[in-house]
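This report refers to the structure that appears directly beneath it.
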Amino acid sequence: MAEVQIYSIAVCPFAQRSRMVLTLKGVPFALTEIDITKPRPDWFLEMNPLGQVPVIRHDGRVLNESSVINEYLEEVFPEPRVFPADAYRRAQSRILIDHLNAVFVPAMYTLLLNQDPARHAGLVEKAVASWRWLDAFLLRHNPDGTWLWDDFGMADLSAAPFFQRWVLNDWFRRFVLPEAGTARVRRWRDACLAHDLVVRTGMPAEDFIKLYADYALGFGNGAVPPGRERSSFDFTWPLAERPMPPVPDWVPTAA
354 MAEVQIYSIA VCPFAQRSRM VLTLKGVPFA LTEIDITKPR PDWFLEMNPL GQVPVIRHDG
414 RVLNESSVIN EYLEEVFPEP RVFPADAYRR AQSRILIDHL NAVFVPAMYT LLLNQDPARH
474 AGLVEKAVAS WRWLDAFLLR HNPDGTWLWD DFGMADLSAA PFFQRWVLND WFRRFVLPEA
534 GTARVRRWRD ACLAHDLVVR TGMPAEDFIK LYADYALGFG NGAVPPGRER SSFDFTWPLA
594 ERPMPPVPDW VPTAA
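Sequential numbering of the sequence shown, starting at 354, is according to my numbering.
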C-alpha cells in the first residue's frame, strides 16, 4: 500500500524532483496527475490554493513546494540518505538548491518565455552567468568529481530536471553555453542527464520541445495561443504525430 500520495503534472520539473526522492528512498507512492490544460479541480485547490504541484499527502497531512517536500521526506524516511550526512555539506547543498530556485530556474524560463528581441541578449547573459556560478561552486567543493559530493544526491536531483529542460532554450532560443568557465558544470550536467533515475522520470528531448512549444510563444502553463484550439501540453495530441516546432524568426543565430 502506498505510504505517500503525490499530486503531479507530467511535465513539471518540480514534481519530478519529489518523485525522484521517493524513488531513491524506496517509498511506495500513489501518483495522481493533474491536467495542466484545465482549471484545477476544487478538491485540489483545497489542498493548495495556488494550484501548483507537487503536493503530497502523508499521514493525513498535506505539503507543497518541492524543496520543502524533499526536506520533509528526508526526515520522515531517513534511509537511504539523499542529503549528505555531514552538516556542512548539507548546508552547502541547500545553498546550491537556493541558487537553482532563485536564479537558475527563473533565468531559464524568462529566456524561454521572452518575446522582446531587445531583451534577448541580456537574458542570455544572465543565463550564462548562472551556469558559471554553478561551475565556480562545483570547483570550490568538488573540483575533480562528477556530482556535487561523492554520490548523486539532493543537490544533483534538484538540478537534473532543469538540465533536461534546458534543451528548450537550446532549440527555441539557439542558446549555446560558452566553453569558457563551464567545464565543471558541463561534466555535472552530462552526468545528471545520463543518470538512470533522471532518464526514467523525465522524457526524451524531442518530447520536451514539442510539449513546451507554447512557452516559446510566451504562453505558459497550459495557456492556448490565439488562433489555436488546444495547448501544446494537451496529451490527447500524440507527440509522435507532431512536427518539431519552428524556432521563432526573431531569434538570432548563435554566435
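Note that the Cβ used here is the ideal one computed from N, Cα and C, for glycine as well. No experiment lies behind these values; they were computed from the predicted model shown.
- Counting only the Cα atoms, Trp603 lies some 17 angstroms from Phe572.
- Judged by DSSP in its simplified three-state form, Gln358 adopts strand.
- Boundaries cannot be given for Thr606, as no beta strand (DSSP E) includes it and DSSP labels it neither H nor E.
- Checking the DSSP bridge columns, you'll see Leu384 partnered with Ile359.
- Straight across, the Cα-Cα distance linking Arg472 with Arg414 is about 43 angstroms.
- Counting C-beta atoms within 10 angstroms of its own C-beta, Ala474 has fewer than 16 neighbours from the protein chains shown and is therefore classed as exposed.
- Inclusion of Ser446 and Ala513 in the CB contact set at 8 angstroms is not warranted, their separation being larger than that value.
- In the three-state reduction of the DSSP assignment, Asn417 falls in the strand class.
- In this structure, the CA atom of Val551 is about 15 angstroms from the CA atom of Gly379.
- Secondary structure of Val435 (DSSP, three-state): coil.
- With a cut-off of 8 angstroms on Cβ pairs, the region 389-398 is in contact with the region 578-588, counting three or more such pairs.
- Take Pro437, set aside five residues on each side of it, and the residues of its chain with a beta-carbon closer than 6 angstroms to its own are Arg443, Trp502, in chain order.
- Following the DSSP letters along the chain, one finds Arg410 inside the beta strand (DSSP E) bounded by residues 408-411.
- In this structure, Leu510 places its C-beta atom within 8 angstroms of the C-beta atom of Arg370.
- The C-alpha of Glu427 is placed about 43 angstroms away from the C-alpha of Pro470.
- A check of alpha carbon separations from Ala607 across Asn574, Lys563, Trp524, Trp396 identifies Trp524 as the nearest.
- Shown here for Thr385: same chain residues with a beta carbon closer than 6 angstroms to its own, the five before and five after excluded, namely Tyr360 in chain order.
- Counting C-beta pairs with one atom in each stretch, the region 488-499 and the region 557-573 have fewer than three that are closer than 8 angstroms, which means they do not touch.
- Sequence-distant Cβ neighbours of Val429 in its own chain, meaning closer than 6 angstroms and more than five residues away, do not exist here.
- The beta carbon of Val458 is closer than 7 angstroms to those of Phe515 in its chain, skipping five residues each way along the sequence.
- Take Asn401, set aside five residues on each side of it, and the residues of its chain with a beta-carbon closer than 6 angstroms to its own are Val408, Asn417, in chain order.
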